[in-house]
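Take a look at the structure below.
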């Protein structure tokens, strides 16, 4: 599967899933459910930052699904935040390769992306970035928890800041904002936002002694 096709696949499946939840679990009609679901999924995956409805009024598992989509990110090379779809695609291909290796121990499995073999160094860099992104998310969430913010709002605030998403869940949902956070929390989230936009590695390089010795 190619990068762009994977993007469309994630948006399509996610949109259908949430459309089904809204149609079956609320009093919204099919057209209304479809419109709200696909707009919100597309907005979050592409880091557009718009919300046309207060999705916190949806069934809780619907907006929790939106929370996980905050880690998706847009296309490679775009100005969107998040991990980026192409990295998720590479991760899934690695998982598939591991399972294939269990069935044929002598076979050599390579990761292919857009009909080209992905160099092993680049593959490791992508996987390392995903791990680093998630670790950064966890540590940032812990910092906000220590600042007195509830878990749902803290995790969502960090995810939306790192991904440049816009509204989150909890007390930073689409009908609210970040104004009630302390000055420290806002400053810390600003750092998270910059780190996510510059894709972490650039920011971490600034703290590396080797970078300043050049």
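Residue numbers (our numbering): 1202 to 1415. Ideal Cβ positions, reconstructed from N, Cα and C, are used throughout, including at glycine.
query	result
Need the endpoints of the alpha helix (DSSP H) that residue 1347 sits in, please.	1321-1347
Can you give me the C-alpha to C-alpha distance between residue 1324 and residue 1318, rounded to a whole angstrom?	10 Å
Going by DSSP, what residues sit across from residue 1318 in a beta bridge?	1313
Does the Cβ-Cβ distance between residue 1284 and residue 1275 come in under 7 Å?	no
Name the residue from 1358, 1243 and 1365 whose alpha carbon lies nearest to the alpha carbon of residue 1377.	1358
For residue 1412, I'd like the list of residues in its chain whose CB is within less than 6 Å of its CB, leaving aside the five on either flank, ordered along the chain.	1406
Can you grab the Cα-Cα spacing for the pair residue 1258 / residue 1296, in whole Å?	35 Å
How would you label residue 1244, buried or exposed, when you count the other beta carbons within 10 angstroms and need 16 or more for buried?	buried
Give the single residue among 1301, 1272, 1281 and 1302 whose Cα lies nearest to the Cα of residue 1289.	1272
To the nearest angstrom, how far is the alpha carbon of residue 1264 from that of residue 1256?	6 Å
Put residue 1302 into one of helix, strand or coil per three-state DSSP.	helix
Given a cut-off of 7 Å, decide if residue 1354 and residue 1371 are closer than it, judged by their beta-carbon atoms.	yes
Our contact map puts residue 1337 next to residue 1401 with C-beta atoms below 8 Å; I'd like the distance itself, whole angstroms only.	6 Å
CA-CA distance, residue 1235 and residue 1267?	15 Å
Starting from residue 1403, follow the alpha helix (DSSP H) in both directions and report where the run begins and ends.	1402-1407
Cα separation between residue 1229 and residue 1221?	11 Å
At the level of alpha carbons, what is the spacing between residue 1211 and residue 1335?	20 Å
Taking just the CA atoms, how far does residue 1286 sit from residue 1232?	28 Å
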